[in-house]
Structure formats: structure tokens, C-alpha cells
Amino acid sequence: MVNWIWLFFIVASVVVAAFTGKMDAVTAAAFDGAKSGVTVSFGLISIMVFWLGMMSIAEQAGLLKKLAAMLGPVVRWLFPDVPKDHPAMGYIMSNLSANLFGLGNAATPMGIKAMQELQKLNPHKETATPAMCTLLALNTSSITLVPTTLIAIRMNYNSANPAEIIGTTLAATFVATAAAIMADRWYRRRLKAPPGGGGDV
Amino acid sequence: MYELFSTLSAWMIPGIIVFIPLYAMLRRRLPVYEVFVDGAKDGFGTAIGIIPHLVGMMVAISMFRASGAMELMLSAVRPFFDWLGIPSEVLPLGVLRPLTGAGSLAFTADLISTYGPDSMIGRIASTIQGSTDTTLYVLTVYFGAVAVRRTRYALKVGLFSDLVGFFAAIAVCLYLFG
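Line order of the protein sequences matches chains A and B.
Each residue of the first sequence is one higher than the one before, starting from 1 at the first, in UniProt numbering.
Each residue of the second sequence is one higher than the one before, starting from 1 at the first, in UniProt numbering.
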């Protein structure tokens, strides 16, 4: 599916540009996009290095296991095929808690680390496991308690009540996450049911 | 309420940074600095490995926006929004949000500055922007880091929850502030 979406973006861009006469802009946009891809990755280096260092202290000190044990039942329900005291559990937990508190730049390194741990359990290294898909589902909808960036922007434009969107955001994010979990469960069940099912849907 | 949250989030990161090494040192006698350096090593390689994935995606997305293809796609659904009584100014956000975090943030800021943060459009835009993450970015980075190529149904689930979140944000705002 990713392949088709990618191809669609590129082909549609050139076809539409042929009609709108924006071919030059599309060419420029292609290279701008490439540049920002590199810039974003470079921006990731510093936070990855820092948080992975911190997290390895936390892991060796047994803090991740404690965190995983604390919220164990919920995470075990969400990730039934990950062994109970596998290191992935601790990273999943810290990824989810970082998201919850709006610590976006800490959430990404922990999520990546969780993916790497889940990859160790993966029998087919090039295909995503159901546990990976669940982690992705939780991260794309990411429950957020405090949307800090948005509140800052609203303050910047002199909102009478910059924080009034906390409630609406919480409601929307809750609905989105519930939808993600349900959809994930549905696909996961379908994956297990028929023989020869699954694959790249 | 906001005061409390902002104080809390200001203390959160420093709190974690102090607590983890302190606990490891005092309770477990770990050589904290050495453990830090050892674990941090992986970060560089992981971030570099994501470059090809991100470049590929961002090229496609910025071409799509620059060509006017996105605008074309939106104009097809606009009448439906008008019919539902939803301000169609927020429509581009529904498409931008899952694709690009920076792009949709810029668009949200633009809507807020044009219509005001306390207008219905401003509130809806803030809620949409705050309530989900950039699905394509998360997918690219997470799967890129472990070199998984076949992503199964992950993208579908992500986009579905974005769609649900988009309409939930609009519905909640129309109900609460309308």
C-alpha cells in the first residue's frame, strides 16, 4: 500500500503540474523535500543519541521493568504476543507515557527502541508483526494530555483563553485512539483467521 | 489549570533526567556515565538509517502540494463539507495532518492568524492539529529504523484513525463552542 501511495503522489504531481503549468515549482519542491528529509533526520540524531543513552541507564537499573509492571495489564492486553518480561514491554511503556505527557522528542527514540526490540521477536524481518502494527497505531493517534505547541501558538495570537482547546483535543484524541485500537484489533483477528491471509494488504 | 499543566511539563524532562541516573547510581551502583555513552552509540546509526526513507516520503509529499494536486483533490469534497455545515477552510488540514507535521502546523498557524484563535475555525484547527500525530512520518521513521518493508495494515489503521480524529475534532468543537 505504501508503494502505491508513494507512486500516486509522484505521478499525480507531474500530471497535475502539466495542466496547471507549475512544473518548475514541482521540480523545486522535489529537491526541497529531499533536503528537509535530511534535515529532519539530522535533527533526530541529537535527540536519539541523548534519549537512548538515558534509556539504557533506565533499562540497566531495572526502571523499565518497573514501569512495564505498573501498567502491565493494559499493555499485555494490547500486545498479547510479546512475552511478559521482554525488554520491548518497558520501551513500549515509556514510549506511551512520553506521548501522554506531550514529550514528543522523547517519545520517538523510545518508540524506535521498542520497534528494534520487537524486531528481535520477528520471524520474517522484512514484514511487520501485529505487535509492531499496534505500536504504530497507538503512536499515529497518540493520546495527548497537553498540546503544548498549540497553546503556545494561540497565546502568540492573543487568544482570550489559549488552553480552552485542552478539553476538545483530549476528546478528539481519545476517539481517534479508540478507533485505532479497534481497527488494529479487527485486522489482527482477520490476519489470524484464514490460512494464506495477511501479506501486504 | 493551564498554569498547572505548563509548570508540570516544564519540570517533567529535567525531573526524568535527574531521576534516572540518580536512581541507577544510588540503588544499583551502576557506572552511569559509561552506561549512558554505551547506550547512546546506537542513536547515530539509527537516525542516519532513516534518511533514505524520509527523503523518499518528503519528496513525494512536497511535490504533491506544490503541483496543486492536493488542492484539486480537496475541491472535489468541498461541496460535501458545505452541505454538512462544516467550515471548509479547515478541510486542507484533514489531508495535511497525516502527511506532514511541519506543513500542517504552518497551515494551522495561518488559519489562526487569519480568523483569530477564538473563532470556530481557529478552535477546530487547533484541536485537529493537537489531537493526532503525523501518520506517514511515524510510519516512515519507525519502520525505517528496523528496515521493515512490508508494513501490512499499519498505514490503513493510521489513516483511519486520523479520519476519525478529524471528524471527532470538528464535532466536539461545533458542539461545545457552537
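By construction, the Cβ of each residue, glycine as well, lies at the ideal position given by its N, Cα and C atoms.
Three-state secondary structure assigned by DSSP to residue i
i	result
ARG29 of chain B	coil
ILE169 of chain A	The amino acid occupying residue 169 of chain A in the given sequence is Thr; Ile does not appear at that position. Reduced to three states, the DSSP call for THR169 of chain A is helix.
TYR157 of chain A	coil
ASP38 of chain B	helix
THR20 of chain A	helix
SER97 of chain A	helix
GLY15 of chain B	helix
GLY199 of chain A	Only weak support exists for where GLY199 of chain A lies, its pLDDT of 47 falling under 50; the value from the coordinates is given anyway. Coil.
THR144 of chain A	coil
VAL15 of chain A	helix
LYS84 of chain A	coil
LEU121 of chain A	coil
PRO87 of chain B	coil
Residue i - containing alpha helix (DSSP H), residue span
i	result
ASP32 of chain A	23-60
LEU84 of chain B	69-84
ASP110 of chain B	101-115
GLY130 of chain B	120-131
PRO73 of chain A	72-78
THR140 of chain B	135-145
Exposure label - residue i; buried when at least 16 CB within 10 Å
i	result
TRP4 of chain A	exposed
ASN99 of chain A	buried
GLY21 of chain A	exposed
TRP11 of chain B	exposed
GLU34 of chain B	exposed
ASP133 of chain B	buried
ARG27 of chain B	exposed
LYS66 of chain A	exposed
Residues that residue i bridges to, as DSSP identifies them
i	result
ARG150 of chain B	A:THR127
Cβ-heavy atom distance, residue i to the ligand GTP, below 7 Å
i	result
THR129 of chain A	This structure simply doesn't include the ligand GTP, nor any ligand for that matter.
Under 8 Å from the C-beta of residue i: neighbouring residues of chain E
i	result
ARG154 of chain A	Here the protein chains are A and B, and chain E is not one of them.
Handout entry: chain A contacts from the region 97-126 of chain B (Cβ-Cβ distance under 8 Å)
Key = PRO98, ALA102, LEU105, THR108, ALA109, ILE112, SER113, GLY116, PRO117, ASP118, GLY122, ARG123, SER126
Exercise for the section: Could you please tell me which residues of the region 55-74 of chain B, in chain order, have their CB closer than 8 Å to any CB of chain A? Expected result: VAL55, GLY56, MET57, MET58, VAL59, ALA60, ILE61, SER62, MET63, PHE64, ARG65, ALA66, SER67, GLY68, ALA69, LEU72
Handout entry: Residues of the region 44-65 of chain A whose Cβ lies closer than 9 Å to any Cβ of chain B, in chain order
Key = LEU44, ILE45, SER46, ILE47, MET48, VAL49, PHE50, TRP51, LEU52, GLY53, MET54, MET55, SER56, ILE57, ALA58, GLU59, GLN60, ALA61, GLY62, LEU63
Practice task
Can you give me, in chain order, the residues of the region 22-40 of chain B that have a beta carbon less than 8 Å from any beta carbon in chain A?
Solution key: TYR23, ALA24, ARG27, ARG28, LEU30, VAL32, VAL35, PHE36, VAL37, ASP38, GLY39, ALA40
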